[in-house]
Amino acid sequence: MKEPLIYEISSPGRIGVNLPECDVEQTPLPEEFLREDLPLPEVSEVDLVRHYVRLSQLNHGVDKGFYPLGSCTMKYNPKVNEDVAKLPGFVHTHPYQAPCAVQGSLFLMYHLQEFLQEITGFSGVSLQPAAGAHGELAGVLMIRAYHESRGDHKRTRMLIPDSAHGTNPASTTMAGYETVKIVSDDRGNVNLDGLRAHCDDTVAGLMLTNPNTLGLFEEYVQDIAGMIHECGGLLYGDGANLNAIMGIAKPAELGFDVMHFNLHKTFSTPHGGGGPGAGPVGANEILAPFLPGPIVVMERLDESCEAGEDWEEEAYCYDLQMPASSIGRLKAFYGNFGVCVKAYTYIRMLGAAGLRQASEDAVLNANYLLSRLKGIYPLPYDRTCMHEFVLSGPLPGTMDVHTIDIAKRLMDFGFHPPTVYFPLIVPEALMIEPTETESKETLDAFADALIQIAEEARGNPELLHTAPHVTPVSRLDEVQAARKPVLQCLKG
Amino acid sequence: MSYIPNTDTDRAEMLKAIGVESVEELFDDVPEALGYPDLHLPPPVSETEVLRELREISEYNVDLEHAPCFLGAGAYRHFVPSVVGHIIGRSEFYTAYTPYQPEISQGTLQSIFEYQSMICALTGMDAANASHYDGATALAEAVVMAVSVTRGKRRKIVMSAGVHPEYRAVVRTYTQGAQLTVIGDTTSATDISSLAEMTDADTACVIVQNPSFLGYLEEPDALRALADAVHTAGALLVVSADPISLGLFAPPGDYEADIVCGEGQALGGGLNFGGPYLGYFACRKKYLHKMAGRIVGQTVDRHGERGFVLTLSAREQHIRREKATSNICSNEALMALAAAVYLTAMGKTGLRQVAELCYHKAHYAARQLSTLPGYELLSEQPFFKEFPLKCPRPVEEINDYLLDEWGIIGGYDLGRDYPELANTMLVCVTEMNTKEEADLLVEALGSMEEEA
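As given, the protein sequences belong to chains W and A, one line each in that order. Those letters in the first sequence? Residues 0 to 491, by numbering that gives the first Met the number 0. Those letters in the second sequence? Residues 0 to 451, by numbering that gives the first Met the number 0.
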């Protein structure tokens with residue numbers, strides 16, 4: 000099953016593409032500026048295609064099988080999304096073309112902003128952040144800019160529950176704030192007494208994920224919001240788990256001031272093996288002026304913008320604008336537009352009822368899967384879950400079987416393992432998110448596999464320790480990789 | 000909805016197994032008064048309808064397949080071989096998540112390892128990461144990294160005005176909470192030696208872009224002298240570079256850069272109205288542990304066979320939380336794959352050929368344009384594929400005329416960012432521009448002056 004490195008199939012003189020001849024008179028090259036050698040591979044087109052096709056076959060993806068990776072919402076990626084994102088009018092537009100020449104792109108961005116506002120209840124959305132963590136950085140910088148704008152310089156602490164994604168404290172540090180950890184209570188909620196003890200005039204805000212990373216809806220979310228607002232702080236929403244509550248509750252109405260979206264989770268855009276994603280950020284009327292920009296605005300048509308002549312909404316055109324007190328640009332240009340096209344398409348196809356259905360079935364599927372596994376795997380927080388739930392790895396009656404072994408053994412059944420060892424507050428965590436796009440048959444097959452693995456853990460633990468058995472490579476030595484880093488195949 | 004397999008029968012069985020009467024019961028924790036808001040979204044449409052709608056929206060754009068284009072300024076129209084789309088269009092690649100489970104992610108992992116190797120080859124650096132969001136955020140992360148390498152004690156960033164204006168803005172956004180001072184980019188005329196003069200014991204890094212935003216190539220000797228001065232002061236030299244230019248010109252490793260990063264969109268990525276793009280990032284080995292982002296490393300499996308894993312994750316947010324080198328989690332992996340496929344297709348000779356075509360065609364266009372009355376090149380400095388052209392009237396006026404009367408997309412208005420460069424157009428010519436297109440631009444500008 001080994002595929003050689005592309006450099007190992009390289010042979011001097013081969014070329015992978017035919018380029019045109021130069022059609023103009025040549026200009027002498029400035030010799031002292033030139034490089035001597037360029038160590039890139041030399042392969043023919045057919046070598047190239049076979050190499051990458053064979054590599055692709057070593058991957059597991061949503062299109063190949065179940066991918067219940069908790070917190071990542073690995074739902075099916077509709078194929079029509081891929082097709083529309085490749086329309087020449089979208090692919091071949093330059094970000095610096097005059098607004099009048101890119102009204103289609105601006106129309107789409109404007110209406111996606113509006114859709115996301117409507118789904119969450121926020122009054123402004125910027126599509127600029129390129130990923131969830133990028134949106135978090137935007138949100139924390141916005142909170143910071145808000146406090147600074149009021150001359151309130153003593154707020155330097157961001158409160159973060161111990162169940163939070165690692166990106167929350169990391170984003171907080173990047174924004175120049177100190178992180179304060181808030182413990183969870185025995186029902187998996189933010190501990191209100193613990194929170195209250197930290198609420199004072201040095202608090203910039205609280206970063207809350209709701210449903211949280213245990214897959215549980217914060218039972219006292221409104222009290223939490225009240226407490227934070229009372230001490231002058233603001234409430235940041237990590238929108239990674241929005242897939243549970245579309246059409247069920249609007250985050251802005253729950254008390255959140257600012258939140259990022261993960262279009263690559265909730266809104267079905269594929270994750271690309273790590274990216275690109277898109278992490279738009281939404282804010283209420285207090286924080287909207289601080290949004291990163293530019294954002295797209297709709298303007299009454301005037302002489303400077305002629306594109307509206309035969310436009311559906313005749314009296315309007317679209318333009319780019321920096322919000323009044325913007326934290327500034329977070330990346331070049333306007334965001335991951337190609338990803339936005341896919342999310343727009345998804346929302347247009349589902350509509351309000353479809354989005355609510357998606358959330359309801361995501362939660363139904365998770366609770367059904369939980370009902371099949373409860374009693375077999377320890378469940379630290381026994382509550383109705385939202386779109387995901389967290390089991391604990393140490394199986395009663397087993398010795399020396401860890402979550403990593405269970406995860407690796409799942410691969411032998413053709414499943415991608417759940418998220419493991421996160422959240423940190425659950426020992427040996429297995430975080431399972433089935434999503435709404437999986438059938439009952441798939442959920443049953445997955446449950447059956449986990450039940451069988453639990454039996455194997457007692458009867459034949461070696462089978463787990465040596466797993467996986469049917470994958471392109473067996474268990475890999477991650478310690479060696481870190482101890483003696485080999486990060487490229489060239490000399491040096 | 001075809002994306003949801005559950006039937007009402009399935010739902011009834013599942014509710015029964017859970018032990019509840021209705022789906023609503025599962026949402027009992029949601030505050031009752033706030034539950035089930037009406038979402039005012041347009042009524043849903045079928046696949047046929049959505050295809051029509053999106054095609055219509057896309058057609059309100061003037062697309063570059065139908066208009067000769069001389070616009071660059073950080074986003075470039077280069078040839079994308081067909082193989083790129085076919086490979087990144089394989090859903091084994093695009094429907095995978097970050098390769099947390101290496102045994103079933105070797106495709107992604109090995110392709111990133113190869114990408115890292117090719118980025119090292121291009122830049123002359125020792126190690127590369129798996130990508131950043133774009134060239135601007137890669138540069139901002141380079142600044143954060145340089146501050147960290149100098150143990151957070153140095154608070155000054157010296158940045159050339161030749162760095163892309165939006166990258167400079169992003170560096171400032173990223174560092175607004177960090178009490179850093181960014182200097183050096185107040186005038187467009189910043190030269191390399193003046194950057195060295197600004198560097199002192201409080202400087203974490205010096206940033207140059209090569210070719211500069213204005214398209215000019217910096218002298219390798221001057222860059223080497225700058226690197227010496229920067230290193231003597233104990234700071235890092237960060238270079239932002241167009242990767243296509245590195246097919247032809249000296250890699251920043253040759254002139255002793257410490258971090259090399261930039262926009263990789265030109266490597267097999269479309270223009271896509273500004274994103275998704277690709278931030279590439281590479282550094283010297285000694286700074287490896289301060290680098291942000293995912294890194295793939297080679298290792299062995301239980302049977303001693305070669306395999307690849309995400310490594311050095313003790314730098315990252317999911318392990319180190321508030322002490323991580325960065326908050327980055329998702330990156331632009333699929334665009335990195337596109338870049339790897341592109342660089343493989345181009346190979347050792349092809350990338351140089353692309354760069355040479357850009358160089359010759361841009362110089363041809365520059366010669367022709369500078370013969371027009373009222374037009375002249377801003378300077379005689381050597382350039383790669385872009386050059387500033389002084390114009391007899393506002394660039395916006397010229398571009399409106401070019402688009403309306405000739406269907407040509409003109410260059411970038413440098414007056415937007417550099418007040419002293421009003422009426423100066425940054426003209427970009429790549430291998431995609433034919434001689435006829437360049438001649439047409441000359442003809443169009445000529446007739447504009449005749450009509451005026």
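Even glycine gets a Cβ: it sits at the ideal position worked out from N, Cα and C. Predicted, not measured: the structure shown is a model, and the values here were computed from it.
Does DSSP put E308(W) in a helix, in a strand, or in coil? Translated into the one-based positions of the first sequence, residue 308(W) becomes position 309. Bear in mind that a pLDDT of 48 at E308(W), under 50, signals an unreliable position, so the model cannot answer this.
Interfacial residues, the region 318-342 of chain W to chain A, with Cβ spacing under 8 Å: I326, G327, R328, L329, K330, A331, F332, Y333, G334, N335, F336, G337, V338, V340
Just mark S446(A) as buried or exposed, buried being the case when its beta carbon has 16 or more other beta carbons within 10 Å. For the purposes of this step, residue 446(A) is identified with residue 447 of the second sequence, where counting begins at 1. Classification for S446(A): exposed.
What's the gap between the Cα of D190(A) and the Cα of I86(A)? Against the second sequence, residue 190(A) aligns to sequence position 191. Against the second sequence, residue 86(A) aligns to sequence position 87. Rounded to whole angstroms, D190(A) to I86(A) spans 43 Å at the Cα level.
Taking the alpha-carbon positions, what's the N432(A) to P164(A) distance? Taking the first residue of the second sequence as position 1, residue 432(A) is located at position 433. Taking the first residue of the second sequence as position 1, residue 164(A) is located at position 165. Approximately 25 Å between the Cα atoms of the pair.
Rounded to a whole number of angstroms, what is the C-alpha to C-alpha distance between K180(W) and T208(W)? On the first sequence, position 181 is the one that residue 180(W) refers to. On the first sequence, position 209 is the one that residue 208(W) refers to. K180(W) and T208(W): Cα-Cα distance of roughly 14 Å.
So what does DSSP say about C99(W), is it helix, strand or coil? Position 100 of the first sequence, counted from the first residue, corresponds to residue 99(W). Looking at C99(W) - three-state DSSP - the assignment turns out to be helix.
CB G494(W) to CB K264(W), shorter than 8 Å? Residue 494(W) cannot be examined here, being either before or after the span of chain W that is shown, 0 to 491.
List, in order along the chain, the chain A residues whose C-beta lies closer than 9 Å to that of M430(W)? In the first sequence, the residue the question calls residue 430(W) occupies position 431. Ordered by position in chain A, no residue passes the 9 Å Cβ test against M430(W), which lies about 12 Å from the chain.
Three-state secondary structure (DSSP) of I181(W): Residue mapping note: residue 181(W) aligns to position 182 of the first sequence, counting from 1. Note: I181(W) maps to strand in three-state DSSP.
Residues in the region 182-213 of chain W having any Cβ partner in chain A nearer than 9 Å: P210
Looking at L39(W): is its Cβ nearer than 8 Å to the Cβ of L342(A)? Residue mapping note: residue 39(W) aligns to position 40 of the first sequence, counting from 1. Residue mapping note: residue 342(A) aligns to position 343 of the second sequence, counting from 1. Yes, these two residues count as a Cβ contact at 8 Å.
Quick check on R415(A): does DSSP put it in helix, strand or coil? As a working mapping, residue 415(A) is identified with position 416 in the second sequence. Helix at R415(A).
Identify the residues that DSSP records as bridge partners of D300(A): which are they? Residue mapping note: residue 300(A) aligns to position 301 of the second sequence, counting from 1. The partner list for D300(A) (beta bridge, DSSP) reads L475(W).
Pull up the DSSP beta-bridge partners for N58(W), would you. As a working note, residue 58(W) is residue 59 in the first sequence. According to DSSP, which records beta bridges pairwise, N58(W) is partnered with S104(A).
By the three-class DSSP mapping on this structure, what secondary structure does K155(A) have? Counted from its first residue, the second sequence places residue 155(A) at position 156. Residue state, collapsed to three classes: strand.
What in chain W is Cβ-close to C357(A), meaning under 8 Å? As a first step, residue 357(A) must be located in the second sequence, where it is residue number 358. None at all; the shortest Cβ gap to chain W is about 10 Å.
Output, in chain order, the set of chain A residues within a Cβ distance shorter than 7 Å of Q25(W). Within the first sequence, numbered from 1, the residue matching residue 25(W) stands at position 26. Going along chain A in sequence order, the residues near Q25(W) (Cβ under 7 Å) are H359.
Among N17(W), P11(W), Y66(W), G214(W), which residue has its Cα nearest to the Cα of L369(W)? For the purposes of this step, residue 369(W) is taken as the residue at position 370 of the first sequence. That would be G214(W), whose Cα lies nearest to the Cα of L369(W).
How is the alpha helix (DSSP H) around Y75(W) delimited, first residue to last? Locating residue 75(W) in the first sequence gives position 76, where the first residue counts as 1. Note, Y75(W): premise wrong, no alpha helix (DSSP H); not H, not E.
Take Q25(W) as the anchor and find which of A451(A), C357(A), F386(A) has the nearest alpha-carbon. Reading the first sequence from its first residue, position 26 is the one you call residue 25(W). Nearest option by C-alpha distance: C357(A).
Against chain C, with Cβ distances strictly below 8 Å, would S473(W) count as a contact? Looking for chain C here will not work: the only protein chains present are W and A.
Neighbour-count burial assignment, L266(A), 16 or more Cβ in a 10 Å radius: Numbered from 1 along the second sequence, position 267 holds the residue referred to as residue 266(A). That one is buried.
Classify E396(A) as helix, strand or coil using the three-state DSSP reduction. In the second sequence, residue 396(A) corresponds to position 397, counting from 1. In the structure shown, E396(A) sits in a helix (DSSP, three-state: H, G or I).
Tell me whether E321(A) is buried or exposed, calling it buried when 16 or more other Cβ atoms sit within 10 Å of its Cβ. In the second sequence, counting from the first residue as 1, residue 321(A) sits at position 322. Buried, since its Cβ has 16 or more Cβ neighbours within 10 Å.
Under the three-state reduction of DSSP, which class applies to A243(W): helix, strand or coil? Stepping through the first sequence from its first residue, residue 243(W) is reached at position 244. Looking at A243(W) - three-state DSSP - the assignment turns out to be helix.
What runs of the alpha helix (DSSP H), each 4 residues or longer, lie entirely inside the region 158-215 of chain A? 164-173, 191-197
Is it the case that the Cβ atoms of E64(A) and P19(W) are separated by a distance below 8 Å? Position 65 of the second sequence, counted from the first residue, corresponds to residue 64(A). Position 20 of the first sequence, counted from the first residue, corresponds to residue 19(W). No, they are not a contact pair.
Would you list the one or two residues that DSSP bridges to R305(A)? Residue 305(A) sits at position 306 when you count from the first residue of the second sequence. DSSP lists V299(A) as partners of R305(A).
Helix, strand or coil at I14(W) according to DSSP, with G and I counted as helix: Here residue 14(W) is taken as the residue at index 15 of the first sequence, counted from 1. Note: I14(W) maps to coil in three-state DSSP.
Distance check for E395(A) and I408(A), CA to CA, integer angstroms please. Mapped onto the second sequence, residue 408(A) falls at position 409. Mapped onto the second sequence, residue 395(A) falls at position 396. Spanning the two alpha carbons is a distance of roughly 11 Å.
For a cutoff of 8 Å on Cβ pairs, would you count P275(W) as touching chain A? Here residue 275(W) refers to the residue found at position 276 when the first sequence is read from its first residue. Chain A, which has a Cβ nearer than 8 Å to the Cβ of P275(W), makes this yes.
S70(W) at chain A interface by Cβ criterion, 8 Å: What you label residue 70(W) is simply residue 71 of the first sequence in a count that begins at 1. By this cut-off, S70(W) is not an interface position.
Contact check, L136(W) vs M173(W) under 8 Å by CB: the rounded distance? Locating residue 136(W) in the first sequence gives position 137, counting from the first residue. Locating residue 173(W) in the first sequence gives position 174, counting from the first residue. Right, their Cβ atoms sit about 6 Å apart.
8 Å Cβ shell around Y345(W) - same chain, five flanking residues per side excluded: For this step, residue 345(W) is matched to residue 346 along the first sequence. Cβ neighbours of Y345(W) beyond the five flanking positions: P77, N80, F266, S267, T268.
Under the DSSP definition of a beta bridge, which residues are partnered with G123(W)? Along the first sequence, read from residue 1 onward, the residue named residue 123(W) stands at position 124. Answer is A282(W), bridged to G123(W).
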